[in-house]
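Peer 1: Count the sequence shown with UniProt numbering and you get residues 1 to 257, in order.
C-beta atoms are modelled at their ideal positions from N, C-alpha and C, and glycine is treated no differently.
None of the values given here were measured: they were computed from a predicted structure.
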Amino acid sequence: MNLQAIADELYRHQISATELEKLTVRYDGLSVDDAYEIQQICMSQYMNAGQKLVGWKMGLTSKAKQRSVGVEEPIFGHLLDGMELYEPHVSLTGLIHPRVEPELAFIFKHRLEGDRILPRDVWLATECVVPAVEIIDSRYKNFSFTLVDVVADNASSAKFYLAEQAYAPYQIALDQVGVVMRRNGEVVQTGAGAAVLGHPVRSVVEQVRMLSRIGKAVEPGMVVLTGGITEAIYIHDRDQISVSFEGMGEIELSVGQ
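1. Suppose contacts are defined by Cβ-Cβ distances below 8 Å. Is Thr226 in contact with Ala105 by that definition?
2. Look at Ala158 and Ile38 and say whether their C-beta atoms are less than 8 Å apart.
3. Do you know whose CA, among Gly249, Tyr167, Val179 and Ile136, lies nearest Ile235's CA?
4. Assuming the contact rule is C-beta atoms closer than 8 Å, Val223 and Ile107 should be a hit. Round their C-beta distance to whole Å, please.
5. According to DSSP, is residue 312 helix, strand or coil?
6. So what does His78 bridge to, in DSSP terms?
7. Leaving aside the five residues before and after Tyr27 along the sequence, list all residues of the same chain whose C-beta is less than 8 Å from its C-beta, in chain order.
8. Name, in chain order, the residues that DSSP records as bridge partners for Pro102.
9. Quick one: measure Cβ to Cβ for Val122 and Val204, integer angstroms, because I've assumed they're closer than 8 Å.
10. With three or more beta-carbon pairs closer than 8 Å as the criterion, would you say the segment 179–198 touches the segment 81–89?
11. Check whether the Cβ atoms of Val133 and Leu253 lie closer than 8 Å to each other.
12. Taking buried to mean at least 16 other C-beta atoms within 10 Å of its own C-beta, is Val25 buried or exposed?
13. Terminal residues of the continuous alpha helix (DSSP H) containing Leu85?
14. Just tell me which of Met58, Val188, Ile96 and Thr126 has its CA closest to the CA of Ser144.
15. Excluding the five sequence neighbours on either side, which residues of its own chain have a C-beta within less than 6 Å of the C-beta of Tyr46, listed in chain order?
16. Are there 16 or more other CB atoms within 10 angstroms of the CB of Leu92, so buried, or fewer, so exposed?
17. What does DSSP give as the partner residues of residue 283 in its beta bridges?
18. Bridge partners of residue 321, per DSSP?
19. Nearest to Lys52 by CA position, among Met43, Ile15 and Met58, is which residue?
20. Can you look up Val177 in the DSSP assignment and give me helix, strand or coil?
21. Among Ile214, Gly29 and Glu101, whose alpha-carbon lies nearest the alpha-carbon of Ile229?
22. Using DSSP bridges, identify the partner residues of Ser91.
23. Pick helix, strand or coil for Val150, following the three-state DSSP scheme.
24. Assuming the contact rule is C-beta atoms closer than 8 Å, Asn184 and Gln240 should be a hit. Round their C-beta distance to whole Å, please.
25. If distances are taken between C-alpha atoms only, which option among Tyr167, Ile15, Ala17 and Met58 comes closest to Ala155?
26. DSSP puts Phe143 in a beta bridge; with which residues?
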């Protein structure tokens, strides 16, 4: 099976923001390992075109979501500098069917690597924690995919925004941070940090362990998005999204063409 050709096809659909049929429908026998290889090839194409790797994102970080797709661990994707929003505004241009979800992001001052990482290692390596929102966008028709498909598609990464205020990693019990997401003033989702593997630090632990399998690490200055605290919601032109993080402020995100 030609993974390079499959990655080339997926990359074309990513940069053109056009839907495609699920890979697993057309390429029988694709494995999760194949999917991560496809993801890596796609991301290398972005980086060869000038983008830089700035971090990692975790997906399927709730046990309910894992059970729903029959897996026992999260998935991960790459974060590139071209994905980061520098103002709390997201353009719908270049997106197919975007959704937004609230997250907590870790930013690191020391390298984290290896398969024996512990939460205390994460805390010692963390510079700060920042409220964030991620805009996800599957390239597959009808936002429908299998585990293999979504891994290949960089875990549905599209855009992300980090709040301006950072917090010391020891300042707040992140599993107890309550989150309320509103769309145009109406409450649409609520949750708490414990929705992310019981505690967001566990998401970073899993991220480092999973990266160790492919010889990679979390490097100083990198961002790790730990996973959605609530379900993601669709966004539309002129929506106003507000996400309040208990004890950590609020993100106001505007949506437009």
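Peer 2: Reading from the atomic positions:
1. Their beta carbons are under 8 Å apart, which means Thr226 touches Ala105 by this criterion.
2. The answer is no: Cβ separation not under 8 Å.
3. Nearest C-alpha to Ile235: Ile136.
4. Contact holds; Cβ gap of about 6 Å.
5. An answer regarding residue 312 cannot be provided, because it is not within the stretch 1 to 257 covered by the chain.
6. Here His78 is bridged, per DSSP, to Trp56.
7. These residues qualify, in order along the chain: Met1 and Ile6.
8. BP columns for Pro102 point to Val133.
9. Here Val122 really is in contact with Val204; their C-beta atoms are around 5 Å apart, less than 8 Å.
10. No, because fewer than three Cβ pairs between the segment 179–198 and the segment 81–89 fall closer than 8 Å, the two stretches do not touch.
11. Judged by their CB atoms, Val133 and Leu253 are nearer to each other than the 8 Å cut-off.
12. So Val25 ends up on the exposed side.
13. Note, Leu85: premise wrong, no alpha helix (DSSP H); not H, not E.
14. Out of Met58, Val188, Ile96 and Thr126, the CA that lies nearest to the CA of Ser144 is found in Ile96.
15. So the qualifying residues of the chain are Leu80.
16. It counts as buried.
17. In the structure as shown, the chain begins at 1 and stops at 257. Residue 283 is therefore absent and cannot be evaluated.
18. Nothing can be reported for residue 321: it is not among the residues displayed for the chain, which extend from 1 to 257.
19. Nearest option by C-alpha distance: Met43.
20. Per DSSP, reduced to three states, the secondary structure at Val177 is coil, with no helix or strand assignment.
21. Measuring C-alpha to C-alpha distances from Ile229 to each of Ile214, Gly29 and Glu101 identifies Glu101 as the nearest.
22. Ser91 pairs with Gly256.
23. Correct three-state label for Val150: helix.
24. The C-beta distance from Asn184 to Gln240 rounds to 6 Å, short enough to meet the 8 Å contact threshold.
25. Comparing Cα-Cα distances from Ala155 to each of Tyr167, Ile15, Ala17 and Met58, the minimum goes to Met58.
26. None, per the DSSP bridge assignment.
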